[in-house]
Amino acid sequence: MVALAAVMTVATVLVCSLQDLPITDPDDDVAGAAYIRFPLFLLAAFAVDVVPRALWRARREQERFAVAFREVLRRRWTREQVRFTLVGLVGWYVCYATFRNLKNAVPFVNSNLWDKPFERLDHLLWFGHDPAQALHSLFGQGFAAQVFSLIYVTWIVLIPLGLTWALVWTRNRAIASWFVTAIAVDWAIGASTYFLFPTLGPIYSDPRSFAGLEHTMVSGLQKSMYEQRTVVLNNPTGHHTLQSIAAFASLHVGLMVTMCLLLELWAVRRWTRILAWVFLVATSLATIYLGWHFFVDTLGGIVVGAAAVWVSALGTGNHDGWRPKLVPDPEPAAQTTLGHRTEASRRA
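If you're matching positions, the sequence shown starts at 715 in this note's numbering and goes up one per residue.
In structure tokens:
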């Protein structure tokens, strides 16, 4: 993770310097500056992890809350765990921020759009049909639009929830480091595909095909993203914002493929794995239906997601030869993973 963050930082500095673009904190206009968000995030995550456990322990053991709090804190937040969480959080944020800045630079580095070739390829793969129009005919353009919009927004929430679980909740550092690194690798590979094959996506290259869709919460997001892109292209240095339009490969699909494969490799409960695969299919359909991506973007996302699992496995030591395989954490720490709980975690 640290090495990847360093590489992406160098790449961002180089690209932005050559294109005379500012390096911007991607979300400070929405959620405040990073030096404010980070402490608040850590404090909230810490409270959610420790306080409920302390309350439960105090009730179960018939002891004062302060005593229970100290005991839970001692068990859950060792010096090694604090260091692991801080390094993981900072490394993740550096990868995310550099990814967003690299994505912002795509139209300045390569303005040769691939939307038309990808549209023709989509029609070829779908035997002369347009994938989005086919889905509109199959599901309709009213209630289905609301459902697919909800699926899309739910995916947006999954990533921070997954990172919170990995860096704060679980004590299985082998799994946590693999997950966080895999997400970062997805971003790194995805940024590369953006530069190689710049695309806007069907909603922007052919908006008339989506004019019949019922207005949803995603509609406003699509409009605001295009407005941000226009602002940045017209005045790259005059506005404190980033353009975020780049369709190939679909990281919505890529990140979900990564999650699904990791859950399989971790051998978690069957219902969890099935739910993840179902959500992957739903996410893929949603991105095509709503016009975010071409069908070939989803195929590219599958490749990116699978590659991220393999690369991150090698980078975190979770492999047997060249084959990804979970290598258990040698430290006998209290661990909580998806579908697996140790005796130590129950006592905490």
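For every residue, glycine included, the Cβ atom is placed at its ideal position computed from N, Cα and C. Quantities reported herein were computed from a predicted structural model and do not represent experimental measurements.
Residues sharing a beta bridge with P1038, DSSP: H1033
Cβ-based burial, W1006 [other Cβ within 10 Å; buried from 16]: buried
Below-8 Å beta-carbon distance, D763 vs any chain D residue: The displayed structure is made up of one protein chain only, and chain D is not part of it.
Whole-angstrom C-beta distance between A1000 and F862, which should lie under 8 Å: 4 Å
Own chain partners of L787 with C-beta closer than 7 Å, once the 5 adjacent residues on each side are dropped: V764
W892 (DSSP reduced to helix, strand or coil): helix
Inter-stretch contact (C-beta, 8 Å, three-pair minimum) for the segment 930-946 and the segment 831-850: no
6 Å CB neighbourhood of G697 in its chain, flanking five on each side removed: Outside the displayed span of the chain (715 to 1062) sits residue 697, for which this structure offers no information.
Span of the alpha helix (DSSP H), counted from its first residue to its last, around D844: That residue, D844, is in no alpha helix (DSSP H); it is neither H nor E in DSSP.
Nearest candidate by alpha-carbon position, reference I889, set L977, R984, A961: L977
Where I959 sits in the DSSP three-state scheme: coil
Anticipated Cβ contact below 8 Å, P740 with T951, distance rounded: P740 to T951, Cβ: 16 Å. No contact.
Burial state of A1048, where buried means 16 or more other Cβ atoms lie within 10 Å: Low confidence applies to A1048: its pLDDT is 44, below 50, so where it sits in the model is not reliable, and the reading given next is rough at best. By the neighbour-count rule (16 or more Cβ atoms within 10 Å), A1048 is buried.
Alpha-carbon to alpha-carbon, M722 and P874: 20 Å
Three-state secondary structure assigned by DSSP to R983: coil
Selection from N886, R987, A1027, A961 that minimises the alpha carbon distance to L1013: A961
Residue burial classification, D829 (beta-carbon count within 10 angstroms, cutoff 16): buried
Spatial distance of F911 from V727 (CA atoms): 21 Å
Unbroken alpha helix (DSSP H) run spanning P916, endpoints: 916-919
Test item: CB-CB of P1038 and V1017 under 8 Å: no
Status (buried if at least 16 other CB within 10 Å, exposed otherwise) for A981: exposed
Proximity winner among T997, S891, S938, relative to F798 (alpha-carbon distances): S891
C-alpha distance - H1033 paired with V1041, whole-angstrom precision: 7 Å
Nearest residue (CA-CA) to V995, options A1021, R983, H966: H966
Nonlocal neighbours in the same chain, by C-beta distance under 8 Å from T997, ignoring five residues either side: I865, Y866, W869, H966, V967, M970
Cβ-based burial, E777 [other Cβ within 10 Å; buried from 16]: exposed
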